[in-house]
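Visitor:
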Ligand SMILES: Cc1cc2nc3c(=O)[nH]c(=O)nc-3n(C[C@H](O)[C@H](O)[C@H](O)COP(=O)(O)OP(=O)(O)OC[C@H]3O[C@@H](n4cnc5c(N)ncnc54)[C@H](O)[C@@H]3O)c2cc1C
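In my numbering, the protein residues as written are 2 to 305.
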């Protein structure tokens, strides 16, 4: 039997830990700050027979109103970043809860292009890898895969923690998804980019932030784009063409500013967001014969 980890919370509200500000509590919640804390949390949950879910920055999840059973491990304080120039590359070793904003600062300091890519990308490094987060603009890099050299994973599926390191080439990187490392948790990552400083990087970061402010409803809680773009088209274009901008259920609304954003205009339930998501999918399917797939990850016990 493992000791109950220090700082373990019970019935802990998750809504404030998500960018949509919705969802019920975690049965148990832990915020490790070190690998020792993380290990203790996982081993305790295993000894109690509890399921384990990982929450990064919470910017791409829809948590059920009834919450999440078992242990939720929140990684927002699981942060550390080291960097050095090796063989003409900037190499970074980061714990997975390090925010993309921290990463941006390092690239900006060295005037390297990934700063432009990271401008306005919320969440943590781990979430960025899991989602292969990326931007629509033709930037370099454009997706997390291009920055990632390797990841270190802890897998507990055999009843105890097993560590493995996987190189970028060992993983399957798709549009907004990375497979081949599951199950488990991404503990850390090694990132790299050619050390080729450019003088206009700060100016380009400012412009990228400005463009996001103009195009996206950043004044309201959201999870960014809800649907992945179908091949050859844009989810936002299809939703707008279906006449769904402004469509609202409870506190959940298809943003009048950007149709692929569903915003919490106040007091939304997770259920409201899910109803809007499924209505949008049904309408776009009916009108254009296109099946929109969600980018957002559902956590908790959803019936679908
Ligand atoms: C305003 C706004 C704008 C956005 N713009 C973009 C954009 O331009 N491009 C884009 O791609 N995305 C965008 N997003 C979506 C989101 O920010 C990204 O997908 C982000 O990379 C998710 O990271 P996160 O840390 O918040 O992950 P979370 O939402 O916490 O988690 C996402 C998934 O990853 C899993 N996970 C997280 N960390 C780990 C880990 N260390 N080990 C194992 N599993 C883990 C979680 O269990 C969950 O399944 C936007 C979101 C918002 C709110």
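Note that the Cβ used here is the ideal one computed from N, Cα and C, for glycine as well. These numbers come from a predicted model, not from an experiment.
When you measure from the CB of residue 186 to every non-hydrogen atom of ligand 1, does any distance come out below 7 Å?
Guide: Within the cutoff, so yes.
Visitor: Using CA atoms only, rank isn't needed, just tell me which of 245, 38, 235, 54 is closest to residue 278.
Guide: Checking every option, the nearest Cα to that of residue 278 belongs to 245.
Visitor: Quick check on DSSP: helix, strand or coil for residue 135?
Guide: Here residue 135 sits in strand by DSSP.
Visitor: State the DSSP-derived secondary structure class of residue 159, mapped to helix, strand or coil.
Guide: Coil.
Visitor: Which one of 134, 98, 106 has the shortest CA to CA distance from residue 125?
Guide: For the residues 134, 98, 106, the minimum Cα distance to residue 125 belongs to 98.
Visitor: By DSSP's criteria, residue 72 is part of a beta bridge. Which residues make up the other side?
Guide: Answer is 29, 53, bridged to residue 72.
Visitor: Roughly how many whole angstroms lie between the Cα atoms of residue 92 and residue 83?
Guide: Their Cα atoms are separated by approximately 8 Å.
Visitor: Tell me whether residue 114 is buried or exposed, calling it buried when 16 or more other Cβ atoms sit within 10 Å of its Cβ.
Guide: Looking at its Cβ environment, which holds 16 or more other Cβ atoms inside 10 Å, residue 114 is buried.
Visitor: Where do the N-terminal and C-terminal ends of the beta strand (DSSP E) with residue 115 fall, by residue?
Guide: Element bounds for residue 115: not the beta strand (DSSP E) but the alpha helix (DSSP H), 115 to 119.
Visitor: According to DSSP, is residue 280 part of a helix, a strand, or is it coil?
Guide: Three-state result, residue 280: helix.
Visitor: CA-CA distance, residue 55 and residue 184?
Guide: One C-alpha to the other measures close to 11 Å.
Visitor: Between the Cα of residue 62 and those of 50, 206, 51, 75, spot the shortest distance and give me the residue it belongs to.
Guide: Cα-wise, what sits closest to residue 62 is 75.
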